[in-house]
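Report on the structure given below.
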Amino acid sequence: MLDPRLFRQNPEAIAGALSIRGYDLDLDTYRDLEKARRDLQTEMESLQHERNIVSREIGRAKRSGEEIEPLVSAVGDLGLRLEVIRTEFNKVHEELQGYLLTIPNIPDDSVPVGETDEDNRELYRWGDVTEFSFEPKDHVDIAGDSLDFEASVRIAGSRFSVLRGPLARLHRGLIQLMLDIHTDEHGYEELYVPYIANRESLTATGQLPKFEDDVFFVSSEVDSFLIPTAEVPVTNMVRDQILDANDLPLKYVCHTPCFRRESGSHGKDTRGLIRLHQFEKVELVQVTHPDRSWVALDEIVNHAETVLKRLELPFRAVSLCGGDLGFASAKTIDLEVWLPGFDRYREVSSCSNFLDFQARRAQARFRPAPQTRPELVHTLNGSGLAIGRVLIAIMENYQDSQGRVHIPDALIPYMHGVQYLEFES
RNA sequence: GGAGGGGUGGCUGAGUGGACGAAAGCACUGGUCUUGAAAACCAGCGAGGUUUAGGCCUCCCAGGGUUCGAAUCCCUGCCCCUCCGCCA
């Protein structure tokens with residue numbers, strides 16, 4: 001959520017800034033609601049003031065044994081009027097809050113102008129695009145029976161996966177490798193968290209109220225959702241907390257499955273592991289002092305890159321343009337790995353600085369110094385990395401002419417020393 | 001699932017209709033004392049909204065209700081604890 005004070009001061013400036021991401025702010029709706037809110041609040045508070053004075057007077061009179069009847073009858077229909085105003089105020093206030101919750105974050109000045117991912121700005125590349133002396137296959141063809149979609153369809157439906165044997169182990173090894181790198185080398189605390197989160201948590205991070213169609217609802221009895229990313233449970237570690245300034249930054253790493261409806265992506269990426277309803281991800285989350293969040297973003301990008309470099313996978317970094325930016329993000333750097341089977345780079349990490357946007361929704365604050373008022377923290381996260389897509393990258397980049405997949409050196413210890421995988425088809 | 005007890009400031013915890021945004025303690029901040037520190041003593045110290053300011057308003061888990069007036073009484077929900085049952 002954006003700062004309501006900023007909103008009151010200069011809504012036109014906010015509208016202008018939001019147009020960079022192609023968002024059309026409805027200034028009239030805002031102004032009408034805000035004016036109604038202000039008028040009702042003023043009236044409500046002056047009625048409350050009146051009531052408090054009389055009630056206090058009645059209390060005083062009663063203690064000193066005076067007659068209170070005249071005072072009580074003088075109150076008249078004050079309570080009734082107050083009730084009417086309060087009901088009206090609650091309605092308007094709720095409506096205004098609801099509206100503000102649907103407004104996205106303001107993009108940082110450095111965010112490229114543009115509408116689609118074609119307008120994203122490439123920042124740099126690492127490694128050379130893999131060359132083959134034969135026609136490379138895509139991961140589905142390479143994996144053969146080890147990727148059992150017949151089973152996953154039977155069990156759950158389309159857009160799920162069953163991995164078998166060595167492929168399942170490679171998948172698990174990737175998770176372990178990434179967690180080890182981020183805990184041992186980058187100083188993150190590892191968390192294990194719930195895979196179901198409530199409405200408040202998803203509202204805090206920004207998935208709700210606007211993107212309810214993208215997440216799996218658990219049931220009408222428990223108003224909760226399957227997490228679309230570890231960002232939700234992990235960022236909510238600090239919801240409604242007042243942190244000590246000395247404890248910042250908080251750095252968390254967490255492996256979870258991610259569940260996404262992928263509504264609106266019908267027909268897109270339907271082959272293989274590229275876009276599923278359930279996939280694994282190792283997520284990095286930082287909670288920082290407001291002065292440090294831009295430094296932290298570079299840090300997270302760097303931490304995510306370390307994994308790709310360790311696996312010796314060619315990748316590039318891109319800065320998302322305004323139109324491609326996520327709802328809550330002020331700036332996002334994506335890492336895209338080279339996939340020979342797709343003949344293009346594909347996203348394996350998305351690193352974002354949310355500034356105080358999530359923190360305000362979550363009321364996540366810190367005390368800058370003793371005796372001072374709490375201030376909002378900044379929150380950031382980045383994938384470190386998406387497991388399924390890295391698995392694809394390893395299969396496709398490390399395939400040989402005999403259909404085998406060589407294991408990157410960094411992963412060999414996690415594979416019991418196995419150097420390559422052979423698949424049956 | 002059954003029975004009982006709870007939810008109060010950063011933390012512990014008192015408060016059962018008016019003098020309570022709230023005792024006391026801890027933590028924290030400032031001061032006195034001390035060569036310095038500790039201890040002791042004194043003082044300060046919840047969050048949010050609104051206002052040029054003084055101020056005003058709200059908040060004692062959440063939502064309703066009773067009342068001139070609710071942390072306190074009533075209803076509903078959520079959460080926690082104890083015991084029993086079940087269970088990886």
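Residue numbering for the first sequence follows the numbering used here, beginning at 1 and increasing consecutively. We put the beta carbon where it would ideally sit given N, CA and C, even for glycine.
Query, Result
"D223 versus L391: straight-line alpha-carbon distance, rounded", "34 Å"
"Continuous alpha helix (DSSP H) stretch holding A386: start and end", "Per DSSP, A386 belongs to no alpha helix (DSSP H); it is in the beta strand (DSSP E), 378-386."
"Meets three-Cβ-pair contact criterion under 8 Å: the region 354-368 and the region 264-275", "no"
"Meets three-Cβ-pair contact criterion under 8 Å: the region 133-141 and the region 387-403", "yes"
"Contacting residues, own chain, Cβ-Cβ under 8 Å from E336 (five flanking each side not counted)", "F315, R316, A317, V318, Y345, R346, E347, V348"
"Alpha carbon of N381 to alpha carbon of V285, nearest angstrom", "4 Å"
"Limits of the unbroken alpha helix (DSSP H) element including A17", "11-19"
"Euclidean distance between Cα positions of H289 and D240", "16 Å"
"Whole alpha helix (DSSP H) elements within the region 294-364, 4-residue minimum", "357-362"
"Burial state of Q207 (16 or more Cβ within 10 Å)", "buried"
"Straight-line gap, V253 to T42 (C-alpha atoms, nearest Å)", "46 Å"
"Contact the region 100-108 vs the region 14-27: 3+ CB pairs below 8 Å", "yes"
"Validate contact between the region 57-75 and the region 109-125 using beta carbons, cut 8 Å, 3 pairs", "no"
"L243 beta carbon less than 8 Å from that of F89", "no"
"Cβ-Cβ separation, A151 to L193 (assumed contact under 8 Å), whole Å", "Correcting the residue type first, residue 193 is Val in the shown sequence and not Leu. About 28 Å separates the two Cβ atoms, so there is no contact after all."
"8 Å Cβ shell around N33 - same chain, five flanking residues per side excluded", "Per the sequence shown, residue 33 should be read as Leu rather than Asn. V92, E95, L96, Y99, listed in sequence order."
"Where the alpha helix (DSSP H) containing A61 begins and where it ends", "27-63"
"Neighbour-count burial assignment, P4, 16 or more Cβ in a 10 Å radius", "exposed"
"Local Cβ density within 10 Å of H182, reported as buried at 16 or more and exposed below that", "buried"
"Beta carbon of G384 nearer than 8 Å to that of E221", "no"
"DSSP beta-bridge partners of A369", "A369 pairs with nothing; no bridge assigned."
"Reduced DSSP secondary structure (H/G/I, E/B, other) of Y426", "Any property of residue 426 remains undetermined from this structure, which presents the chain solely from 1 to 425."
"E280 beta carbon less than 8 Å from that of I412", "no"
"Rounded distance between the beta-carbons of E424 and G144, thought under 8 Å", "6 Å"
"CB contact flag (I427, L226, <8 Å)", "The requested residue 427 is not part of the displayed model; the chain covers only 1 to 425."
"Under the three-state DSSP convention, the category R121 falls into", "strand"
"As assigned by DSSP and simplified to three states, the class of N90", "helix"
"In chain order, each alpha helix (DSSP H) run of at least 4 residues that lies wholly inside the region 130-202", "139-143, 149-155, 165-180"
"Residue closest to D291, alpha-carbon to alpha-carbon, out of F217, C321, E45, H378", "H378"
"Proximity to G16 [Cα-Cα], best of G322, I387, E50", "G322"
"Simplified DSSP assignment, three categories, for P224", "According to the sequence shown, residue 224 is Ser rather than Pro. S224: strand per DSSP, three-state reduction."
"Integer-rounded CB distance, given that R51 should sit under 8 Å from L78", "6 Å"
"Own chain partners of F217 with C-beta closer than 7 Å, once the 5 adjacent residues on each side are dropped", "F225"
"Nonlocal neighbours in the same chain, by C-beta distance under 8 Å from A296, ignoring five residues either side", "P249, Q286, T288, N353, H378, L380"
"Contact belief for H277 with F160 at Cβ below 8 Å, rounded distance in angstroms", "6 Å"
"Per-residue burial, R360 [other beta carbons within 10 Å of its own, 16 or more giving buried]", "buried"
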